[in-house]
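Participant: For what it's worth, our numbering labels the leading residue of the sequence shown as 2, then goes sequentially. Glycine included, C-beta positions come from ideal geometry on N, C-alpha and C. The structure displayed is predicted, hence computed values, not measured ones.
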Amino acid sequence: MTETRAKRALITGITGQDGSYLAELLLSKGYEVHGLIRRASTFNTARIDHLYTDPHVAGTRLFLHYGDLSDGSRLATLLDSVKPDEVYNLAAQSHVRVSFDEPEYTGNSTGLGSIRLLEAIRMVGLDCRYYQASSSEMFGATPPPQNEETPFYPRSPYGAAKVYSYWVTRNYREGYGMFAVNGILFNHESPRRGETFVTRKITRAVARIKAGQQSELFMGNLDAVRDWGYAPEYVEAMWRMLQHDEPTDYVVATGTDYTVRDFLQFSFEHAGLDWEKYVRFDERYLRPTEVDALVGDAGKAERLLGWVPTVKTPELARLMVDADIEALDAAGRPWIDTVTVGPWAPAPQI
Ligand code: NAP
Ligand code: F7E
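This is how it looks when you write it as C-alpha cells:
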C-alpha cells in the first residue's frame, strides 16, 4: 500500500490576523503548515503561539521559517526546501493610512513582494497552487456594489500596490499556466484584528471606557461605508479557491453596508454606553484620499465555491467587544491565557 503524504502549505503573513486563522484551518484539515515570519527584536508570534509545538516533538505539523517579502533569494531557497503544494501570500504592509506615510515601503512589500514570490515559484520550477490576498481597496473610488467585473480605481499607495499584485497574479496564470488566484476580500475583522484598524480600535476603547481606563476616543471620518465580515469565515473562502478545479478570481464579502458611525453605535450600545459622549474628532485619522464606500457582491464565490457568510456586522461588533472586555479582564489576572486576543497595550495612535 502506498502512503500518501499530508498536503503541505506555505503561508506568508502567518503572524497576522488572517494567517493565524488560516493556519488553524489548514492544521485542522491535516495539512503540514509552514509559515514565513520576520525576524524582530521582540516576539511577533502572539496570534499563533497556541498552535506552535517544539519541532523536536514527533508529530509536529507547524514549522516557522525566517524570511521577508523584500528578499527574493530567500523566498526561492525556502520554496525549494519546503516544496509546498499550496502557497498563500498574505504578507503585506496592510494599513491604508500608514501607506501614505510609507508609500515606497508599501510598494516594495505589498506590491513587489508578490512578484518576488511568483517569480521564485517559477524559478524553482514548483508545481503549486498560489493564493494572492487582493483587496476591495483596489476598487477605491468606483461606487458599490463591487464585483469581479468592477473597474479598479485605487485611492492609496496600498490600493495601488494591491492592483499591481492582482495583475501579476493574473499574468502568471495566463502567461505560465500557473494555478494562481486572487481573492478580492472586503474588510474582515475579529478579536485578532490589528489594534489600529477602525473596528478593533473601537472595541478596545469600549472595553477600556467600560473599565474606567479611558474617557475619550479620537476618530477620523465616521461617514465611510464598509462591508465588514468575520475573518475565520473569509479564510475558509481562501482555502476553497485553491481546491476548485479552475483558477479564477473571486470577491468575498457579506454584501451589507454600514458606516463607521454604525459600528461605533453597535459596539458602545452592547456595553451599555452612549458613543456620542466619548467620541471626539482628530484630523490625524483622515487620509489624503478616502475610500467612501465598499460593498461587495460575492455571488460568484457562492455559486462556484458554495461560500456564504453568516456573521454580519452588528454581531461582529458584539463579539469583538465581548472579546476585548474579556481580554482586559484577563490582563489583570495573569493566569488566564490571553493568546487568542493578543497582549494588552495602550490605545493606538494611528
Ligand atoms: P495583518 O494582520 O496586517 O498581517 C500582515 C502580515 O504580513 C503579518 O504577518 C506581517 O508580519 C506580515 N508582513 C508584513 N510585511 C512583511 C514583509 N515585508 N515580509 C514578510 N511578512 C510581512 O493583515 P491581515 O488583516 O491578516 O490581512 C492579510 C492579507 O490580506 C494582507 O495582505 C492584507 O493586505 C490583505 N487584506 C486584508 C483585508 C482585511 O480586511 N483584513 C482585506 C483585504 C485584503 P508581522 O507580524 O511581523 O508584522
Ligand atoms: O478603516 C475610517 C477610515 O483602517 C476603515 C485593511 O484591512 O480593509 C482595511 O482597510 C474606515 C476608513 O480599514 C478611523 O478612514 C475613521 O474609511 O479599519 P480601516 P481600511 O482602510 O478599510 C481593506 C479591505 C484592506 O485591504 C486593508 O488591508 O474607517 N476611520 N476613523 C478610521 N480608520 C482608522 N484606522 N482609525 C480611525 O481612527
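For a test of your reading of the model: does the CB of phenylalanine 187 fall under 7 Å from any non-hydrogen atom of the ligand F7E? Yes or no.
Facilitator: Within the cutoff, so yes.
Participant: Measuring straight from C-alpha to C-alpha, what distance separates serine 100 and serine 157?
Facilitator: Each residue's Cα considered, the two are about 7 Å apart.
Participant: Using the beta-carbon count (16 or more within 10 Å), is histidine 51 buried or exposed?
Facilitator: Burial call: exposed.
Participant: Let's test the definition: count the other Cβ atoms within 10 Å of the Cβ of asparagine 90 and tell me whether it reaches 16, buried, or not, exposed.
Facilitator: Label assigned to asparagine 90: buried.
Participant: Could you tell me the boundaries of the alpha helix (DSSP H) in which methionine 321 lies?
Facilitator: Note, methionine 321: alpha helix (DSSP H), 314 to 332.
Participant: What residue range is occupied by the uninterrupted beta strand (DSSP E) comprising glutamate 33?
Facilitator: Note, glutamate 33: beta strand (DSSP E), 33 to 38.
Participant: Buried or exposed: glycine 178, going by 16 or more other Cβ atoms within 10 Å of its Cβ?
Facilitator: So glycine 178 ends up on the exposed side.
Participant: Could you tell me the boundaries of the beta strand (DSSP E) in which glutamate 87 lies?
Facilitator: Segment 87 to 90, the beta strand (DSSP E) holding glutamate 87.
Participant: Would tryptophan 308 and alanine 238 be called neighbours here (beta carbons separated by less than 8 Å)?
Facilitator: It is a contact, given that the beta carbons lie within the stated cut-off.
Participant: Express the C-alpha separation of aspartate 86 and valine 373 in angstroms, rounding to a whole number.
Facilitator: The shown model of the chain, from 2 to 351, leaves out residue 373, and the question about it has no answer.
Participant: Could you tell me if the beta carbon of threonine 197 falls within a distance shorter than 7 Å of some heavy atom in the ligand F7E?
Facilitator: Because some heavy atom of the ligand F7E lies under 7 Å away, the Cβ of threonine 197 counts as near it: yes.
Participant: Between the Cα of tryptophan 168 and the Cα atoms of Gly112, Met220, Gln214, which residue gives the shortest distance?
Facilitator: Taking only the C-alpha atoms, the option nearest tryptophan 168 is Gly112.
Participant: Report the partner residues of leucine 130 according to the DSSP bridge assignment.
Facilitator: The residue you asked about is not leucine; residue 130 is arginine in the sequence shown. Glu87, Phe180, per the DSSP bridge assignment.
Participant: If you reduce the DSSP assignment to three classes, tell me which class glycine 230 lands in.
Facilitator: In this structure, glycine 230 counts as strand in the three-state DSSP scheme.
Participant: Between which two residues does the alpha helix (DSSP H) containing methionine 139 stretch?
Facilitator: Element bounds for methionine 139: n/a, residue is neither H nor E.
Participant: With DSSP as the reference, please indicate the residues paired to methionine 242 in a beta bridge.
Facilitator: Beta-bridge pairing links methionine 242 to no other residue.
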